[in-house]
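Protein sequence lines, in the order shown, are assigned to chains A and B.
full-length UniProt numbering numbers the first residue of the first sequence as 1 and each following residue consecutively.
full-length UniProt numbering numbers the first residue of the second sequence as 1 and each following residue consecutively.
Here's the structure, in structure tokens; my notes come after.
There are 2 protein chains.
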Amino acid sequence: MARRAEGKSGCSVESALAVIGGRWKGVVLYWLSTGTLRFGELRRLLPSCTQRMLTLQLRELEQDGLVKRTVYAEVPPRVEYELTPFGRSLVPILLDLKAWGERYRRRLP
Amino acid sequence: MARRAEGKSGCSVESALAVIGGRWKGVVLYWLSTGTLRFGELRRLLPSCTQRMLTLQLRELEQDGLVKRTVYAEVPPRVEYELTPFGRSLVPILLDLKAWGERYRRRLP
DNA sequence: CGGTATCCAGCGCGATACTG
DNA sequence: CAGTATCGCGCTGGATACCG
Numbered sequence: 001m002a003r004r005a006e007g008k009s010g011c012s013v014e015s016a017l018a019v020i021g022g023r024w025k026g027v028v029l030y031w032l033s034t035g036t037l038r039f040g041e042l043r044r045l046l047p048s049c050t051q052r053m054l055t056l057q058l059r060e061l062e063q064d065g066l067v068k069r070t071v072y073a074e075v076p077p078r079v080e081y082e083l084t085p086f087g088r089s090l091v092p093i094l095l096d097l098k099a100w101g102e103r104y105r106r107r108l109p
Numbered sequence: 001m002a003r004r005a006e007g008k009s010g011c012s013v014e015s016a017l018a019v020i021g022g023r024w025k026g027v028v029l030y031w032l033s034t035g036t037l038r039f040g041e042l043r044r045l046l047p048s049c050t051q052r053m054l055t056l057q058l059r060e061l062e063q064d065g066l067v068k069r070t071v072y073a074e075v076p077p078r079v080e081y082e083l084t085p086f087g088r089s090l091v092p093i094l095l096d097l098k099a100w101g102e103r104y105r106r107r108l109p
């Protein structure tokens, strides 16, 4: 986690990218911006992300205070993920990025 | 370049992050948003980025159409980098990210 | 000054298997 | 269902040296 570790040095753009720059974090955050989701639902929404990676990325987002994890003591177990208020503060930027990404893709050969 | 290569698949957030997610790209773009810069100037602005990495990241940004590279046939050689119009279209988002990054850092222990 | 070339470490990430 | 555990590969990026 070299990238995430150095959160305090460098400029703030780096800090932000360190938080959302993980392989799947952008998409995870995007889907969570549409509402609370269970682990299995996220898995289905990110078919090419392995279970292990999904877990890891969610844990990091949780540590960074963007995502809240709620475990329900049921059988079978249920775990729900949702954005924290701080996480939600990133959503507008994420949507801008998404829009920009669409324009970028339209330029491709 | 696994990340950059798959620009066409996945959601657009991924595409955008694939373009600006490189280790130094965010900062390079940020500095270039303040005006045209020579290679050596960028080096001084990113002291912890090696010359090799700076070159690589600039080349990728150039390929992605965000940065224009101009070589002046002088001695000693002079090379200037500036944002393309398309690159400039990313600047507002970058500034939002920067502002968000500052808030993020203020939350840190 | 503004680059290549070369070599190489580390870790990001995937694949697979097992568990409460 | 929602995870951990373990193993290993490949790419990212660092160090260093050389070039027009």
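Where a beta carbon is used, it is the ideal one built from N, C-alpha and C, also for glycine.
| query | result |
| --- | --- |
| Exposure label - residue 137 of chain A; buried when at least 16 CB within 10 Å | Within the shown structure, residues of chain A are numbered from 1 to 109, placing residue 137 of chain A beyond reach of any answer. |
| Whole-number beta carbon distance between A:Gly-101 and residue 117 of chain B, since they are thought to touch under 8 Å | No statement about residue 117 of chain B is possible, as the shown extent of chain B runs from 1 to 109 and does not include it. |
| Interface flag, A:Leu-42 vs chain B, CB-CB below 7 Å | no |
| Partners in chain A for B:Val-19, counting only beta-carbon separations shorter than 7 Å | Tyr-104 |
| As assigned by DSSP and simplified to three states, the class of B:Arg-38 | strand |
| Cβ shell of B:Val-79 (< 8 Å), same chain only, five flanking positions each side left out | Arg-38, Phe-39, Arg-69, Thr-70, Val-71, Tyr-72 |
| Residue interval of the beta strand (DSSP E) (run including A:Arg-78) | 78-83 |
| For A:Arg-43 and A:Tyr-30, the rounded distance between their alpha carbons | 14 Å |
| For B:Pro-77 and B:Ser-33, the rounded distance between their alpha carbons | 23 Å |
| Assigned secondary structure, B:Arg-69 (DSSP; H/G/I helix, E/B strand, else coil) | strand |
| C-beta neighbour in chain A for B:Tyr-30, strict 7 Å | yes |
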